[in-house]
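J.: Residue numbering for the sequence shown follows the numbering used here, beginning at 850 and increasing consecutively.
Just so you know, even glycine gets a beta-carbon here, dropped at the ideal spot from N, CA and C.
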Amino acid sequence: MTYSIAFDLYELPKTQPDTFPNRFARTNYRKKWHRWVWESVLAAGGAPAAPLERAAVTCVRHSAREPDPDNLAYSFKVVLDGLKHAGVIRDDRRAVVGAPVYIWEWTKPKYGRITIGVREEPREQ
850 MTYSIAFDLY ELPKTQPDTF PNRFARTNYR KKWHRWVWES VLAAGGAPAA
900 PLERAAVTCV RHSAREPDPD NLAYSFKVVL DGLKHAGVIR DDRRAVVGAP
950 VYIWEWTKPK YGRITIGVRE EPREQ
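1. Spatial neighbours of A892 within its chain, please: C-beta separation below 8 Å, excluding the five flanking residues on both sides.
2. Throw me the rounded Cβ distance for the E969 and A904 pair, which I believe falls under 8 Å.
3. Thinking C-alpha only, which one of K863, H911, Y852 is nearest R962?
4. Closer than 8 Å is the cut-off here; do at least three beta carbon pairs connect the segment 946-964 with the segment 916-925?
5. Leaving out five residues on either side along the sequence, give the residues of the same chain with a beta carbon under 6 Å from the beta carbon of V906.
6. If you drop the 5 nearest sequence neighbours on each side, which residues of the same chain put their C-beta closer than 6 Å to that of A913?
7. In the DSSP assignment, find the unbroken beta strand (DSSP E) run with G895 in it and report its ends.
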């Protein structure tokens, strides 16, 4: 059976890496997002029996302002790390997740959220 999971998080991750006043704030931010991803994975059915060796990941940011492509990708860094910590993927390296798909969709201000989809891919022989 092929593993697949999708969930929404009703918060928007930061799009800029330099917006933390100190390393403690950065660490707390990462821990918060890792916990939210872990809780969302559990609520959506749980992680696979073993972390995925190959996965297709789709990340959608619903916000009122369109970020630059590189900032869009950066904003999902903590989410991909969270998927790793939750045991969904073995690692967030290209060998495991390939090239994640990053999409931006407009929504009204104050209605921002992200949608994450992960699907197991067959291993290359």
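T.: According to the structure shown:
1. Numbered from 1 along the sequence shown, position 43 holds the residue referred to as residue 892. Exclusion of the five residues before and after A892 leaves F856 as the residues of its chain whose Cβ lies within less than 8 Å of its Cβ.
2. What you label residue 969 is simply residue 120 of the sequence shown in a count that begins at 1. What you label residue 904 is simply residue 55 of the sequence shown in a count that begins at 1. E969 to A904, Cβ: 6 Å. Contact.
3. To locate residue 962, count along the sequence shown from 1; it is residue 113. Nearest of K863, H911, Y852 to R962, Cα basis: H911.
4. These segments touch.
5. Taking the first residue of the sequence shown as 1, we reach residue 906 at position 57. Here V906 has V946, P949, V967 as same chain residues with Cβ atoms under 6 Å from its own Cβ, once five neighbours each way along the sequence are excluded.
6. Here residue 913 corresponds to residue number 64 of the sequence shown, with the count starting at 1. By the criterion of a C-beta distance shorter than 6 Å, A913 is surrounded in its chain by P958, once the five residues flanking it on both sides are discounted.
7. Here residue 895 refers to the residue found at position 46 of the sequence shown. Element bounds for G895: n/a, residue is neither H nor E.
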